[in-house]
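The block underneath contains the structure these notes are about, expressed in structure tokens.
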DNA sequence: ACTTTTTATTACCGATGGGTAATATACGGG
DNA sequence: CCCGTATATTACCCATCGGTAATAAAAAGT
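Chains as they are written, first to last, in the working numbering: chain A, 1300 to 1529; chain B, 1300 to 1529.
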């Protein structure tokens, strides 16, 4: 796709690195195509033949990059999980009250649900995975759930959130967010960011111990100037 | 199972009615077993052989009651949809402010999500259905969504609900409720009713134009004496 | 130019599972 | 007691699809 160093007289390391990178790019392309198809048609109806077809190759070629259909499914999920783990780490690093962290989590999670790999977190069925991978998925879900509960508990402890049952509250919020993965359409009326803004306010307005100003304040980290790139 | 009229000298209509009823009971039994299995293992992993096995019959016997696996799936869904349509009709009949109706809807819907046929509404994939049945399912979902939005809009109009976007608010509430169908376990810590109570308050507390008393008031219709039958 | 490795293709296997045909069995009615 | 209908069983078909040789083509290394 993009420009590669065409000079043949460069270090002997480059071609090697090139090959590794080319391979990884192909692997990623398979993953992107697969996750789209799996979301479009559902894991069981989607066939590897069709995945291959969209990539202009044939089915057995896929087995150069993955051991099985199940492994592809798992890797699709893993990408989404890594994204979530990533922004959770960022929120933890920045710190703040429980409410502030919760609002950041809601916002980032909502935006993530509007992506293919994000939606795959809630639209793929762990029962399609091997026992080993299924356990990893369950651990990931559990970890996200714990984060929601922790931020809520933190908020109650520091006084930013009204006393409530963290478990049920986390279920209510996460459920609302997870459902985005089922109805969001990129070509819909609202952008992912707009939805995330809306949900951030809607899902936390009942929790704040005292009124919160507006969305902008809590999400000021990224996108300092709206309407820029993309 | 239960007692049948053993007298052979009764009206000639009875045996006929008996047979029809017996048939319907068997059909229902298939449906109950199927929905359980489909929820347990997922539609694609669940086989008709296993459905039959649980009923102590063999697979072809199922075809006396259903034309295909897909038809069974659709009927499972239809039962859940009828239940929802039923209590929505009740809420409409009783009337009240938008907020009151919304709270009743949330409560009833939450409880329904804790049943097999209720969960099937959100855990089965419409893409497994024929085009014809898929359209019916989509119409049903749309109808439920419209009801949520209408109650919210009613509430805004009559002043019981704070101004907000009915579409997004309905998505947020319904998503939260739908997710119950994914995590609820009958043998869990909380009963379906307790969860419904909790969600009714949690999901509407941010919407009320002025503070609402308690759950009991809005759900006083059914169960006048708790701990009675069942 | 020759060899080796990587990557892809064609052709095929085999398990799974929905669905059907032929047939047996139970049962109510005359 | 026999017949017709409903209901069940056994045995089977076959389309689908994940996965695997065997092998060809392309690229890298020497």
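A virtual CB, placed ideally from N, CA and C, is assigned to each residue, including glycine. As the structure is a computational prediction, the values presented were derived from the model and not from experiment.
Asked	Found
heavy atom of the ligand PLP below 7 Å from residue 1385 of chain B C-beta	Within the structure as shown, the ligand PLP is missing, as the structure has no ligands at all.
Interface flag, residue 1467 of chain B vs chain A, CB-CB below 8 Å	yes
Length at least 4, wholly inside the region 1309 to 1379 of chain B: the alpha helix (DSSP H) runs in chain order	1312 to 1340, 1347 to 1353, 1358 to 1361
Buried or exposed by the 16-neighbour rule on C-beta atoms within 10 Å, applied to residue 1292 of chain A	Outside the displayed span of chain A (1300 to 1529) sits residue 1292 of chain A, for which this structure offers no information.
Contact set between the region 1365 to 1382 of chain B and chain A, restricted to residues whose Cβ is under 8 Å from the partner	none
Test: residue 1355 of chain A CB closer than 8 Å to a CB of chain B	no
Against chain B: residues of the region 1421 to 1435 of chain A by CB proximity under 8 Å	1424, 1426, 1427
Proximity of residue 1482 of chain B and residue 1470 of chain A at Cβ, strictly below 8 Å	yes
Cβ-based neighbour list, residue 1345 of chain B, same chain, cut-off 8 Å, excluding 5 preceding and 5 following	1333, 1336, 1337, 1339
For residue 1507 of chain B, the three-state DSSP class (helix, strand or coil)	strand
Spatial neighbours of residue 1349 of chain B in its chain, beta-carbon cut-off 7 Å, leaving aside the 5 residues before and after	1336
Minimum Cβ-Cβ distance from residue 1330 of chain A to chain B less than 8 Å	no
Best match in A:1429, A:1406, A:1439, A:1402 for proximity to residue 1420 of chain A [C-alpha to C-alpha]	A:1439
is_contact[residue 1522 of chain A, chain B] using C-beta, thresh 8 Å	Any reading at residue 1522 of chain A needs caution, since the residue's pLDDT is 44, under 50, leaving its predicted position unreliable; the model's value is listed next. No, residue 1522 of chain A does not count as interfacial toward chain B.
Whole-angstrom C-beta distance between residue 1364 of chain A and residue 1329 of chain A, which should lie under 8 Å	6 Å
Residue from A:1343, A:1360, A:1353, A:1342 whose Cα sits closest to the Cα of residue 1322 of chain A	A:1360
C-beta neighbour in chain B for residue 1403 of chain A, strict 8 Å	no
Within 8 Å, strictly: CB atoms of residue 1291 of chain B and residue 1418 of chain B	Nothing can be reported for residue 1291 of chain B, as the shown portion of chain B is limited to 1300 through 1529.
Limits of the alpha helix (DSSP H) - the one that residue 1402 of chain B falls within	1397 to 1412
Counterpart residues of residue 1472 of chain B in DSSP-defined beta bridges	Answer is none; residue 1472 of chain B lacks a bridge partner.
Through-space distance from residue 1432 of chain B to residue 1426 of chain A, alpha-carbon basis	26 Å
Distance between residue 1400 of chain B and residue 1391 of chain B (C-alpha atoms, nearest Å)	8 Å
Cβ of residue 1482 of chain B within 8 Å of any chain A Cβ	yes
Within chain B, partners of residue 1411 of chain A - CB distance below 7 Å	Chain B residues near residue 1411 of chain A: none, gap ~15 Å exceeds 7 Å.
Distance CB(residue 1397 of chain A)-CB(residue 1455 of chain A) smaller than 8 Å	yes
Sequence-distant residues of the same chain with beta carbon closer than 7 Å to residue 1448 of chain A, five excluded per side	1465, 1466, 1469
Beta-bridge pairing of residue 1435 of chain A - partner residues as DSSP gives them	Residue 1435 of chain A is not bridged to any residue.
Short-range partners of chain B found in the region 1484 to 1508 of chain A, where Cβ spacing is below 7 Å	1497, 1498, 1501, 1502, 1504, 1505
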